[in-house]
């Protein structure tokens, strides 16, 4: 496994995390993807979607953990990120066990 050494901006990392959330239950719902698209440019969405589609879960977690530690989020920014994560999970009106599990993992990585 090779981990990408890409340095995400906060906006890019948010989209990457939200895309990970959208694919957590192995069903990328159109509502989830449209919600994420509304938060970024089409170019960033496509680039990050293609990247996360090639990453396995461990690669994703490593990228997120390294980026979060480098970006120095404030408590307010983390609270907003958590809110947006919940929005993606609830976009399809279902909260699968795999999404719950990912939510707990992200809480441990991000906070």
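In the working numbering, the protein residues as written are 1 to 111.
Yeah, the Cβ is synthetic: ideal placement off N, Cα and C, and Gly gets one too.
It should be emphasised that the depicted structure is a prediction, and the values quoted were computed from it without experimental measurement.
Nearest neighbour of residue i, chosen from the options [CA to CA]
{"i": "residue 60", "options": "10, 109, 9", "result": "109"}
{"i": "residue 76", "options": "111, 9, 25", "result": "111"}
{"i": "residue 49", "options": "16, 70, 80", "result": "16"}
{"i": "residue 44", "options": "30, 73, 9", "result": "9"}
{"i": "residue 106", "options": "74, 93, 94, 58", "result": "58"}
Residue i beta carbon near the ligand HEM (any heavy atom closer than 6 Å)
{"i": "residue 33", "result": "Judged by which ligands are present, the structure shown has none, so any question about the ligand HEM falls away."}
Per-residue burial, residue i [other beta carbons within 10 Å of its own, 16 or more giving buried]
{"i": "residue 7", "result": "exposed"}
{"i": "residue 14", "result": "buried"}
{"i": "residue 71", "result": "exposed"}
{"i": "residue 91", "result": "buried"}
Close-in-space but distant-in-sequence residues of the same chain around residue i (CB under 7 Å, 5 per side omitted)
{"i": "residue 11", "result": "40"}
Same chain, Cβ closer than 8 Å to residue i, neighbours up to 5 away in sequence not counted
{"i": "residue 88", "result": "18, 21, 22, 32, 35, 36"}
{"i": "residue 78", "result": "110, 111"}
Same chain only: Cβ atoms within 6 Å of residue i, ignoring 5 sequence neighbours per side
{"i": "residue 28", "result": "22"}
{"i": "residue 25", "result": "96, 98, 99"}
{"i": "residue 102", "result": "24"}
Task: Contact between the segment 32 to 41 and the segment 58 to 74 (3+ Cβ pairs under 8 Å) - done: no
- [ ] Specify whether the segment 83 to 91 and the segment 46 to 59 touch according to this definition: at least 3 beta carbon pairs, one from each stretch, less than 8 Å apart.
- [x] no
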